[in-house]
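In this note's numbering, the protein residues as written are 63 to 349. No residue lacks a Cβ here, since even glycine has one placed at the ideal position from N, Cα and C. A short worksheet on the structure shown next.
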Ligand code: HEM
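Right, here's the structure in full:
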C-alpha cells in the first residue's frame, strides 16, 4: 500500500510538472481566470486551453492526495519507517500545500503574462516547489527501500546538474528561451555574445553551466566507471540532444515538451542515485 502510494505520488507529481510545461508553452495559464473553479464551474468551457488548465489542476489535486496518503502511511502506519523518510515525506507535504497556495496566487496576480520580474520569479518559484516535492518523494522511496551505499552519482556532479536545472527554469520563466536566437553553439552569431541584456546573459550562463555539467559527468564516469555513472552520462547526453534540437528547430513544441520531460526525469533519477554516505559508513571502526 505504502509503496503504491509513493509510486503514484511520484508519477502524478511528475505528470503535473510536464503538464504545467504544456500549459505554459500553449499560453493556457489564464484560460480559467478564477481558482479553484473555472468560470465558477467544475466543468471547464469547451476551449482546449481551459481544458488544459483544468486538467493541470485536477492532476495536481490527485498528486496532492497521494502525497498526503504517503505522509500518513510513513508516519502512522509503517512501523519501521526511518527518521529520514519521515522528514522527506513531511517536506513533500509542506511543499504541496505551499505549491497550491502559489498556484492560486499566480492566477490571482495573472503571472502567466510574465509582464513583471515578480511574475517571472513567482512562476520559477512554483517550479522549484514542484522539484522539491518530487525530490523529497524520490528520497522517501529511497530511504525506505534502497540500500545505502548503492548510490553512484557524486555530489559535485549532482550540484552542477542541479544548477543547470535551476538556471534552465529561470531561462524558461523569464521568457529568455530565444535570447540567443535559434542558434547553437553560437549565441546571436557569436561564440561569446554581447551582454547587452540580462536575458542573453542568463541564457549564455545556462548553456555554459550545462557544458561544465557534461564535463563533470564525463569525469564521474571515467574516474568511477559503473552502471550508474554510465547511465547518468547517457541521460545527460539525451538532455543535450533535446535541448539543442529544441533551440535549432525554433522551439518546436514536441521538442520543448521532451526537454521538460527529460529535464525533470533526470532530476528525479539523479536524486535517487545520488551518493549519500551514511553516518555509520563514515565512522571508522575503533579497533
Ligand atoms: C545538462 C544539460 C541540461 C540540463 C540538465 C538542462 C535543464 C533545463 C531545464 C530543467 C529547463 C527548464 C524546463 C522547463 O521548466 O520546462 C531548461 C530550459 C532551457 N534550456 Fe536547458 N538544460 C541543459 C542543456 C541545455 C543546452 C545545451 C541548451 C542550449 C542549446 C539549453 C537551452 C535551454 C533553453 C533555451 C531553455 C528554455 C526553454 C523554453 O524557453 O521553453 N539547455 N533546461
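Within its own chain, the residues whose Cβ lies closer than 6 angstroms to the Cβ of residue 90, once the five positions on either side in sequence are excluded, are 111, 114 and 115, listed in chain order. Contact annotation: residue 276 and residue 298 have beta-carbon atoms nearer than 8 angstroms. Between residue 247 and the set 270, 79 and 217, the nearest pair of CA atoms involves 270. Residue 176 sits in coil when the DSSP states are folded into three classes, being neither helix nor strand. In this structure, the ligand HEM has no non-hydrogen atom nearer than 7 angstroms to the beta-carbon of residue 123.
The Cβ atoms of residue 251 and residue 335 lie no closer than 8 angstroms to each other. In the three-state DSSP reduction, residue 336 falls in the strand class (E or B). Here residue 180 is exposed. Its C-beta has fewer than 16 other C-beta atoms within 10 Å.
Between the C-alpha atoms of residue 259 and residue 242 there is a straight-line separation of about 11 angstroms. Setting aside the 5 residues that flank it on each side, residue 272 is surrounded in the same chain by 226, each with a C-beta closer than 6 angstroms to its C-beta; the list follows chain order. Annotation: the continuous alpha helix (DSSP H) that includes residue 270 extends over 260-285. Rounded to the nearest angstrom, the Cβ distance from residue 294 to residue 314 is 27 angstroms, too far for a contact under 8 angstroms. For residue 101, the number of other beta carbons within 10 angstroms of its own is below 16, and it is reported as exposed.
In this structure, residue 207 keeps its C-beta atom at 8 angstroms or more from the C-beta atom of residue 337. Proximity to residue 125 across 139, 168 and 79 peaks at 79, based on C-alpha coordinates. Distances between the C-beta of residue 158 and the heavy atoms of the ligand HEM are all 7 angstroms or more. For residue 145, the closest alpha carbon among the candidates 190, 201 and 96 is that of 201. Less than 8 angstroms separates the beta-carbon of residue 199 from that of residue 68. Contact between residue 121 and residue 189 fails: their C-beta atoms lie close to 16 angstroms from each other, not under 8 angstroms. In the structure shown, residue 103 falls within a strand segment according to DSSP collapsed to helix, strand and coil.
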